[in-house]
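For reference, the structure discussed in these notes is given below.
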Amino acid sequence: MKSTYPLLLVVFIAVSTRVNAQQNSVQPESGNSYSTYPKTENNGPALNLVKVNLSALVLKNFSLQYERVLNKKFAAALAFRVMPASTLPFKRQILDAVGNDPDTREVVDNFRMSNIAITPEFRFYPGKKGYGRGFYLAPFYRYASFKSSRLIFNYTDGLGGQQSITLSGKLNSNTAGLLLGAQWPLGKMLVLDWWILGPHYGAGSGKFTGLSSQPMNPIEQNDLRNELENLDIPFTRKKVFVDANSARMELDGPWAGVRAGFSLGVKF
Numbered sequence: 052m053k054s055t056y057p058l059l060l061v062v063f064i065a066v067s068t069r070v071n072a073q074q075n076s077v078q079p080e081s082g083n084s085y086s087t088y089p090k091t092e093n094n095g096p097a098l099n100l101v102k103v104n105l106s107a108l109v110l111k112n113f114s115l116q117y118e119r120v121l122n123k124k125f126a127a128a129l130a131f132r133v134m135p136a137s138t139l140p141f142k143r144q145i146l147d148a149v150g151n152d153p154d155t156r157e158v159v160d161n162f163r164m165s166n167i168a169i170t171p172e173f174r175f176y177p178g179k180k181g182y183g184r185g186f187y188l189a190p191f192y193r194y195a196s197f198k199s200s201r202l203i204f205n206y207t208d209g210l211g212g213q214q215s216i217t218l219s220g221k222l223n224s225n226t227a228g229l230l231l232g233a234q235w236p237l238g239k240m241l242v243l244d245w246w247i248l249g250p251h252y253g254a255g256s257g258k259f260t261g262l263s264s265q266p267m268n269p270i271e272q273n274d275l276r277n278e279l280e281n282l283d284i285p286f287t288r289k290k291v292f293v294d295a296n297s298a299r300m301e302l303d304g305p306w307a308g309v310r311a312g313f314s315l316g317v318k319f
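As numbered in my numbering, residues 52 to 319 make up the sequence shown, in order.
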């Protein structure tokens, strides 16, 4: 059979976690105005920002970021994002795009996934205002872990009928990148953070396994093996193992993504 399952890795996205930051005292420099910032005990700008990623909600992700302003030019941030087990984001649109192919529609309709991601970053604010305001450059690292289930592959049994096996598993990735963004205060207590563009690149590996509902003879094993080997995942090394009772697919290769979106937060 022709394999039609490049959706295996389609929606693996995600990122970031909370942090406990040391309260270092930062004194305002002469000539700088902090009229849009609440004052701390030392009469300086607010140094702590907690933000929710609004764009992530569209992809069924929940993302929080904590940012600690270190001084006028530099800040450190840590973000955590989680996606509970769910169907694919934009499932209806994907079904419309794949057309009437029953195998592909079955994969999209049944596929479920979840993920978590942690992203520490270090921000540089080159502008005059500083202290967490204006355009910034942020080198970052991201660890992400994706779990998937209900990935169904069909194969032909010895009588010419159709059987299926359901794979599930986990894929982990480690990437690094550079984020260009901008951040502005909204009144005394709120802040808007725009992730303009943050490409990142690294490596990922994973393993997906499944048990057959009935023992497979050598012909059935070979048909299922061909189904798995015909799965086209660009730039990825793949190993397939099939025996009478199970199947396993191991993936290893480059991993890339892009950070973008809007976050709304509070400062204190």
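Glycine is no exception: its CB is placed at the ideal position from the N, C-alpha and C atoms.
Got a sec, what are the start and stop residues for the beta strand (DSSP E) residue 144 sits in? Position 93 of the sequence shown, counted from the start, is the residue given in the question as residue 144. Counting along the chain, no beta strand (DSSP E) covers residue 144; the unbroken alpha helix (DSSP H) around it starts and ends at 142-149.
Exposure of residue 130, with buried meaning 16 or more beta-carbon neighbours within 10 Å
By 1-based counting over the sequence shown, the position of residue 130 is 79. By the neighbour-count definition (other C-beta atoms within 10 Å, threshold 16), residue 130 is a buried residue.
Exercise for review: Quick one: measure Cβ to Cβ for residue 219 and residue 255, integer angstroms, because I've assumed they're closer than 8 Å.
Suggested key: By one-based count along the sequence shown, residue 219 stands at place 168. By one-based count along the sequence shown, residue 255 stands at place 204. That pair is no contact at about 17 Å.
| query | Going by C-alpha distance, which of 102, 261 and 126 is nearest residue 186? | reply | On the sequence shown, residue 186 is found 135 positions in, with the first residue counted as 1. Its Cα nearest to that of residue 186, the residue 126 stands out among 102, 261 and 126.
*If residue 206 and residue 271 are in contact, beta carbons under 8 Å, what's the gap, nearest whole angstrom?*
As a first step, residue 206 is located in the sequence shown; it is residue number 155 there, counting from the start. As a first step, residue 271 is located in the sequence shown; it is residue number 220 there, counting from the start. Rounded, the Cβ-Cβ distance is 6 Å, consistent with contact.
Could you tell me the distance, in whole angstroms, from the CA atom of residue 116 to the CA atom of residue 267?
Numbered from its first residue, the sequence shown carries residue 116 at position 65. Numbered from its first residue, the sequence shown carries residue 267 at position 216. Here the alpha carbons of residue 267 and residue 116 stand approximately 49 Å from one another.
inquiry  = For residue 176, count the other beta carbons within 10 Å of its own beta carbon; 16 or more makes it buried, fewer makes it exposed. Which is it?
reply    = Taking the first residue of the sequence shown as position 1, residue 176 is located at position 125. In this structure residue 176 is buried. Its beta-carbon is surrounded by 16 or more other beta-carbon atoms within 10 angstroms.
Checklist entry - Relative to the alpha-carbon of residue 138, which residue among 201, 274, 296 and 245 has its alpha-carbon at the smallest distance? => result Residue 138 sits at position 87 when you count from the first residue of the sequence shown. Nearest of 201, 274, 296 and 245 to residue 138, Cα basis: 201.
Task: Member of 107, 140, 265 and 305 whose CA lies at the smallest distance from the CA of residue 164 - done: Translated into the one-based positions of the sequence shown, residue 164 becomes position 113. Cα-wise, what sits closest to residue 164 is 140.
Open item on the list: My assumption, with CB atoms under 8 Å, is that residue 304 sits in contact with residue 286. Please give the rounded CB distance.
Closed with: The sequence position of residue 304 within the sequence shown is 253, counting from 1. The sequence position of residue 286 within the sequence shown is 235, counting from 1. Cβ atoms of residue 304 and residue 286 come within 8 Å of each other, at about 5 Å.
Cβ shell of residue 289 (< 6 Å), same chain only, five flanking positions each side left out:
The residue you call residue 289 lines up with position 238 of the sequence shown. Sequence-distant Cβ neighbours of residue 289 in its own chain, meaning closer than 6 Å and more than five residues away, are 302.
Just to confirm before moving on: does the CB-CB distance between residue 315 and residue 243 stay below 8 Å?
Your numbering for residue 315 matches position 264 in the sequence shown. Your numbering for residue 243 matches position 192 in the sequence shown. Yes. Within cutoff.
Exercise for the section: Using only alpha-carbon positions, find the residue among 227, 142 and 149 that is nearest to residue 195. Expected result: For the purposes of this step, residue 195 is taken as the residue at position 144 of the sequence shown. That would be 227, whose Cα lies nearest to the Cα of residue 195.
task: Given a cut-off of 8 Å, decide if residue 100 and residue 318 are closer than it, judged by their beta-carbon atoms.
output: Taking the first residue of the sequence shown as position 1, residue 318 is located at position 267. Taking the first residue of the sequence shown as position 1, residue 100 is located at position 49. Pairing residue 318 with residue 100 gives a Cβ-Cβ distance under 8 Å.
Practice prompt. With DSSP as the reference, please indicate the residues paired to residue 109 in a beta bridge.
Written response: By 1-based counting over the sequence shown, the position of residue 109 is 58. According to DSSP, residue 109 bridges with nothing at all.
- Could you name the residues that DSSP lists as bridge partners for residue 127? Here residue 127 is taken as the residue at index 76 of the sequence shown, counted from 1. According to the DSSP secondary-structure assignment, residue 127 is paired through a beta bridge with 119 and 173.
Residues in its own chain within less than 7 Å of residue 213 by CB, not counting five upstream and five downstream?
Translated into positions along the sequence shown, residue 213 becomes position 162. If we look at residue 213 and ignore the five residues flanking it on each side, its Cβ neighbours are 205 and 207.
(request) State the start and end residues of the unbroken alpha helix (DSSP H) segment that holds residue 274. (result) Locating residue 274 in the sequence shown gives position 223, counting from the first residue. Run containing residue 274: 269-280, per the alpha helix (DSSP H) assignment.
Residue 240: first and last residue of the uninterrupted beta strand (DSSP E) it sits in: Against the sequence shown, residue 240 aligns to sequence position 189. In this chain, residue 240 is not harboured by any beta strand (DSSP E), its DSSP state being neither H nor E.
Open item on the list: On the criterion of 16 or more Cβ atoms from any shown chain inside 10 Å, does residue 128 qualify as buried, or is it exposed?
Closed with: By 1-based counting over the sequence shown, the position of residue 128 is 77. Per the 10 Å Cβ criterion, buried.
Where do the N-terminal and C-terminal ends of the beta strand (DSSP E) with residue 297 fall, by residue? As a position in the sequence shown, residue 297 is number 246, starting the count at 1. In the DSSP assignment, residue 297 falls within the unbroken beta strand (DSSP E) covering 297-318.
ask   = Out of curiosity, what's the CA-to-CA distance linking residue 167 and residue 262?
value = Translated into the one-based positions of the sequence shown, residue 167 becomes position 116. Translated into the one-based positions of the sequence shown, residue 262 becomes position 211. Whole-angstrom Cα-Cα distance: 26 Å.
Which of helix, strand or coil DSSP assigns to residue 244 | Position 193 of the sequence shown, counted from the first residue, corresponds to residue 244. Per DSSP, reduced to three states, the secondary structure at residue 244 is strand.
Member of 132, 136 and 158 whose CA lies at the smallest distance from the CA of residue 143: Looking up residue 143 in the sequence shown gives position 92. The residue from 132, 136 and 158 with its alpha-carbon nearest to that of residue 143 is 158.
Quiz item: The beta strand (DSSP E) with residue 100 in it runs from where to where?
Solution: Walking along the sequence shown from the start, residue 100 turns up at place 49. From DSSP, the beta strand (DSSP E) with residue 100 extends over 99-104.
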